[in-house]
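The numbers in this note's numbering rise by one with no breaks, and the one at position 355 of the sequence shown is 704. Every residue gets a Cβ at the ideal spot worked out from N, C-alpha and C, and that includes glycine. Following: one structure in structure tokens, then a few remarks.
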Amino acid sequence: MIGLLARKTPLHKWWLDSEDGRSNSLSDHRAARRIVSLTLPALPLALWYLYHYTRTGYVFGNPEFFRYNVAATLSPTRSFLALAMRIWQIGGYLHLWVLTLGMLLAMWTLPPQRDSSSERPRIGIAVQMVFYVVVGTYVVAMALIGGAVLARYMLPAVPLVIIVSVSTLWRRLRFWSAAVGCVGLAFVAAWFWNPPYGFSPEDNLAYRDYVVLHEDGERFLEARYPMASVLTAWPASDELTRPWLGYITRPMRVVRIEDFSLDEVLSAADSRSNYGVALIFSTKYEPGPARWDHWRRWTELKTRFFGFHRDVQPTAAAQILGGHIVFSERRQGQWIAVIEMDRGEVQNAEVRMQQ
Numbered sequence: 350m351i352g353l354l355a356r357k358t359p360l361h362k363w364w365l366d367s368e369d370g371r372s373n374s375l376s377d378h379r380a381a382r383r384i385v386s387l388t389l390p391a392l393p394l395a396l397w398y399l400y401h402y403t404r405t406g407y408v409f410g411n412p413e414f415f416r417y418n419v420a421a422t423l424s425p426t427r428s429f430l431a432l433a434m435r436i437w438q439i440g441g442y443l444h445l446w447v448l449t450l451g452m453l454l455a456m457w458t459l460p461p462q463r464d465s466s467s468e469r470p471r472i473g474i475a476v477q478m479v480f481y482v483v484v485g486t487y488v489v490a491m492a493l494i495g496g497a498v499l500a501r502y503m504l505p506a507v508p509l510v511i512i513v514s515v516s517t518l519w520r521r522l523r524f525w526s527a528a529v530g531c532v533g534l535a536f537v538a539a540w541f542w543n544p545p546y547g548f549s550p551e552d553n554l555a556y557r558d559y560v561v562l563h564e565d566g567e568r569f570l571e572a573r574y575p576m577a578s579v580l581t582a583w584p585a586s587d588e589l590t591r592p593w594l595g596y597i598t599r600p601m602r603v604v605r606i607e608d609f610s611l612d613e614v615l616s617a618a619d620s621r622s623n624y625g626v627a628l629i630f631s632t633k634y635e636p637g638p639a640r641w642d643h644w645r646r647w648t649e650l651k652t653r654f655f656g657f658h659r660d661v662q663p664t665a666a667a668q669i670l671g672g673h674i675v676f677s678e679r680r681q682g683q684w685i686a687v688i689e690m691d692r693g694e695v696q697n698a699e700v701r702m703q704q
């Protein structure tokens, strides 16, 4: 009787409200604990920054590294250009465009195929949304931070794009396996065929050409000038001082410059008494000036935001440095050369420095 009455009175309402309050309180408590657990990793990170500051005087590490990878990237123009490059890298770079174009054509022009009595299913919308959020967030993050806009940094996002694209081909093409096979052949061809635009040699088998060139040039250098001081740039500066990399058998003395741009080579020419030999090489793959490279503004933007430069060719470098080429080799658009300084030029440089 009391129970029946309680169901019809404010006592029952009070009891239900109290239960809801306990449930909500428990949910809030769990949510708070979860938030705290998610923020805990910030504690060791903060301690590391504090330790780093007390030891070096810098919070975020090497100032030049921070400037190049964070501070120098905080520009709307740079971010927009980097975003366009990142989108290209996940959908068009090194024959990815074959898959992307095929997917778009299939999606826009062909209806879904049917197996038996039902359409081939798409990837669940909820799953697709997760893919798009992950890819979009990663693309934007990589456009906003990071100095070098290298394609390999996009590897975590590219597989998700490939999964969605192949799923679309499977859903809309009758002979989808043949289409995917053609895409696979295009990907394999990209290992061997260099594209008509600049790219990092390590992104395909052009890196083998780089390794062979540097093995030949540096072994010649070690055999003929084992005691010489060598003018060069990274990564050859590491290859000549770290025998365990496999290029030489013992370390050599190195005078390092940033690259082989005209400004750097001219600057090195003023101190040619500090080295007797120069090892110069192509620091990147460049197939030649593209049509848009004649647009001066584009070249200025690349130089300002992405460290673009043109390597001085061996013959011109030898003239600027006051030496002559004793070794040179080329492979598929890449090159390396050893330049021996002329003794008369070195002596003249020493006299000028003394004056």
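Original post:
Which runs of the beta strand (DSSP E) spanning at least 3 residues fall entirely within the region 364–435, listed in chain order?
Top reply: Listed in chain order, there is nothing to give.
**OP:** Compute the Euclidean distance between the alpha carbons of residue 601 and residue 629, then round it to the nearest angstrom.
**Re:** On the sequence shown, position 252 is the one that residue 601 refers to. On the sequence shown, position 280 is the one that residue 629 refers to. Whole-angstrom Cα-Cα distance: 15 Å.
Original post:
Near residue 421, what residues of its chain come up, given a Cβ to Cβ distance below 7 Å and the 5 sequence neighbours on each side ignored?
Top reply: One-based indexing of the sequence shown puts residue 421 at position 72. Once the five neighbours on either side are set aside, the close Cβ partners of residue 421 are 496.
Original post:
What is the C-beta distance between residue 672 and residue 660, in whole angstroms, given that I count them as a contact (C-beta under 8 Å)?
Top reply: Within the sequence shown, numbered from 1, the residue matching residue 672 stands at position 323. Within the sequence shown, numbered from 1, the residue matching residue 660 stands at position 311. Rounded, the Cβ-Cβ distance is 17 Å, inconsistent with contact.
Subject >> For residue 668, the three-state DSSP class (helix, strand or coil) >> reply: Position 319 of the sequence shown, counting from 1, holds the residue named residue 668. In this structure, DSSP gives residue 668 a helical state, which the three-state scheme calls helix.
Subject >> Enclosing alpha helix (DSSP H) for residue 477 [first to last residue] >> reply: Taking the sequence shown and counting its residues from 1, one reaches residue 477 at position 128. For residue 477, the uninterrupted alpha helix (DSSP H) segment begins and ends at 474–493.
Subject >> residue 511, DSSP secondary structure in three states >> reply: As a working mapping, residue 511 is identified with position 162 in the sequence shown. Look at residue 511 here: in three-state DSSP terms it is helix.
Subject >> Boundaries (first-last residue) of the beta strand (DSSP E) holding residue 630 >> reply: Against the sequence shown, residue 630 aligns to sequence position 281. Start and end: 626–630.
Original post:
Is it right to say residue 503 is buried, meaning 16 or more other beta carbons lie within 10 angstroms of its own, or is it exposed?
Top reply: Residue numbering aside, residue 503 sits at position 154 when the sequence shown is read from its first letter. Counting of Cβ neighbours within 10 angstroms places residue 503 among the buried residues, the total reaching 16 or more.
**OP:** Ignore the nearest five residues each way along the sequence and tell me which others in residue 634's own chain have a CB closer than 7 Å to its CB.
**Re:** Here residue 634 refers to the residue found at position 285 when the sequence shown is read from its first residue. Spatial neighbours of residue 634 in its own chain (CB-CB distance under 7 Å, excluding positions within 5 residues in sequence) are listed in chain order as 543, 547, 548, 550, 555, 682 and 683.
Original post:
Grouping DSSP H, G and I as helix and E and B as strand, with all else coil, what is residue 676?
Top reply: Position 327 of the sequence shown, counted from the first residue, corresponds to residue 676. Strand at residue 676.
Subject >> Host alpha helix (DSSP H) of residue 684 (start-end) >> reply: Looking up residue 684 in the sequence shown gives position 335. Under the DSSP assignment, residue 684 falls outside any alpha helix (DSSP H), being part of the beta strand (DSSP E) whose first and last residues are 683–690.
**OP:** Could you check if residue 491 is buried or exposed, using at least 16 other CB atoms within 10 Å of its CB as the buried criterion?
**Re:** The sequence position of residue 491 within the sequence shown is 142, counting from 1. Flag for residue 491 reads buried.
**OP:** Might you give, ordered along the chain, the residues of its own chain that have their beta carbon closer than 6 Å to the beta carbon of residue 586, omitting 5 neighbours on each side?
**Re:** The residue labelled residue 586 in the question sits at position 237 within the sequence shown. Within the same chain, residue 586 has close Cβ partners 603 and 605.
Subject >> Bounding residues of the alpha helix (DSSP H) (the contiguous stretch that carries residue 506) >> reply: On the sequence shown, position 157 is the one that residue 506 refers to. No alpha helix (DSSP H) holds residue 506; DSSP gives it neither H nor E.
**OP:** Excluding the 5 residues preceding and the 5 following residue 454 in the sequence, name in chain order all residues of the same chain whose CB lies nearer than 8 Å to its CB.
**Re:** In the sequence shown, counting from the first residue as 1, residue 454 sits at position 105. Excluding five sequence positions before and after residue 454, none of the CB atoms of its chain fall closer than 8 Å to its own CB.
Original post:
Near residue 512, what residues of its chain come up, given a Cβ to Cβ distance below 8 Å and the 5 sequence neighbours on each side ignored?
Top reply: In the sequence shown, residue 512 corresponds to position 163, counting from 1. Same-chain partners within the cutoff: 472 and 480.
Original post:
Using the C-alpha atoms, what's the distance from residue 670 back to residue 688?
Top reply: Position 339 of the sequence shown, counting from 1, holds the residue named residue 688. Position 321 of the sequence shown, counting from 1, holds the residue named residue 670. For residue 688 and residue 670, the distance between alpha carbons rounds to 9 Å.
Original post:
What are the start and end residues of each continuous alpha helix (DSSP H) run of 4 or more residues lying completely inside the region 539–607, in chain order?
Top reply: Every alpha helix (DSSP H) of 4 residues or more that sits fully in the region 539–607 is shown, in chain order, as 555–573 and 585–590.
**OP:** Look at the alpha carbon of residue 560 and the alpha carbon of residue 685, and state the distance between them as a whole number of angstroms.
**Re:** The residue you call residue 560 lines up with position 211 of the sequence shown. The residue you call residue 685 lines up with position 336 of the sequence shown. Spanning the two alpha carbons is a distance of roughly 11 Å.
**OP:** Just tell me which of 649, 655 and 483 has its CA closest to the CA of residue 311.
**Re:** Residue 311 falls outside the range modelled here, since the chain spans only 350 to 704, and no answer is possible.
Subject >> Distance CB(residue 400)-CB(residue 408) smaller than 8 Å >> reply: Taking the sequence shown and counting its residues from 1, one reaches residue 400 at position 51. Taking the sequence shown and counting its residues from 1, one reaches residue 408 at position 59. At the C-beta level, residue 400 and residue 408 stay beyond 8 Å of one another.
Subject >> Assigned secondary structure, residue 468 (DSSP; H/G/I helix, E/B strand, else coil) >> reply: The residue given as residue 468 occupies position 119 in the sequence shown. In the three-state DSSP reduction, residue 468 falls in the strand class (E or B).
Subject >> CB-CB length for residue 589 against residue 607, believed under 8 Å >> reply: Here residue 589 corresponds to residue number 240 of the sequence shown, with the count starting at 1. Here residue 607 corresponds to residue number 258 of the sequence shown, with the count starting at 1. Contact flag wrong, Cβ pair sits at about 16 Å.
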